[in-house]
Amino acid sequence: MEQLLGLGSLLSLVFVLIVAVFAGLVKGVVGFAMPMILISGLTLVIPPEQALAALILPTLLTNTWQAFRQGIKSAVRSVVEFRWFLLSGLVLLVLSAQLVRVLDPRVLYGLIGGPVALFSIMQLAGWKPKLGARTVRLDTAIGSFAGFIGGLSGVWGPPTVAYLTATNIPKQDQMRAQGVIYGLGAVALAGAHLQTGVLRAETLPLTLVILPCALLGLWLGFRVQDRIPQVVFRRATLVVLTIAGLNLLRRAVLG
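full-length UniProt numbering puts the sequence shown at residues 1 to 255.
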């Protein structure tokens, strides 16, 4: 079984499944971070390209659940409201995804770890930017940057979360918007990597195996979010993401 999934041992498989549950749990609580946790955790036991393929389906389906948790009409409203962010992000995501097969793994580690560590450390330090009202220009600029990073690494959460937080969007609206933005981005990511060959018959079994674990974690996270103050769990998540991002940067520098 482990050989079929591209893993070296049963212990590696157990580790991957635990990472998937934890990633889903954190996402259910704070609305983001699943790709970052998955790519940071999975690359400890498998190559970054295989880890990127493994996170595609869990990211797609968990974001679909999150986007539609408050109903179809609310999700459609978020699509309309964030149309320029989505359009620019999807275009850059598809374009940058073409670079995955030609980049050195250490470059990819740096591109993932840098934004993760920077965002997490700044948030833990108390950085809370205030941008005022959203504009088409801001939506397009931040969406393009998030899409570019997402196409390369499967991680487009930090710039999106920072932007939504800075514009003071209410919690439930932000959770739904994140689900819509990440969900549509995951559709584009899946399509792009079907073309690049990252998502193929050899990498599909692993993403299917971790999918139920990610969904279980998301369900648990939603239950926690409904009962426990979110600020405590978000801070804990940022600590984990800081460690994960710094570890990826270490691997980018030291190999």
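Think of the CB as a built atom: it goes at the ideal place given N, C-alpha and C, for glycine as much as any other residue.
Keep in mind the model is a prediction, meaning the values are calculated, not measured.
Practice problem: Could you tell me which of Leu90, Leu241 and Trp84 sits nearest to Met34, measuring between CA atoms? | Solution: Leu241
**Prompt:** Is DSSP giving Pro58 helix, strand or coil here?
**Reply:** helix
(message) Could you compute how far the alpha carbon of Val45 sits from the alpha carbon of Ala117?
(response) 21 Å
Would Tyr163 and Phe32 qualify as a contact pair, given that the criterion is a beta-carbon distance under 9 Å?
no
Are Leu42 and Val79 close, meaning C-beta to C-beta below 9 Å?
no
Q) Can Ile112 and Ser40 be called in contact, C-beta distance under 9 Å? A) yes
- Straight-line CA distance for Arg69 to Thr207? 23 Å
Rounded C-alpha distance that separates Gly221 from Gly185: 22 Å
Whose C-beta lies closer than 6 Å to the C-beta of Phe85 among residues of the same chain, with five residues either side of it excluded? Asp139 and Gly143
*Taking the alpha helix (DSSP H) that Gly24 falls in, what are its first and last residues?*
Leu10 to Val30
Limits of the unbroken alpha helix (DSSP H) element including Thr43:
From DSSP, Thr43 is part of no alpha helix (DSSP H); its letter is neither H nor E.
Compute the beta-carbon to beta-carbon distance between Cys213 and Ala54, rounded to the nearest angstrom, for a pair I have assumed lies under 8 Å. Not confirmed; about 11 Å, so no contact.
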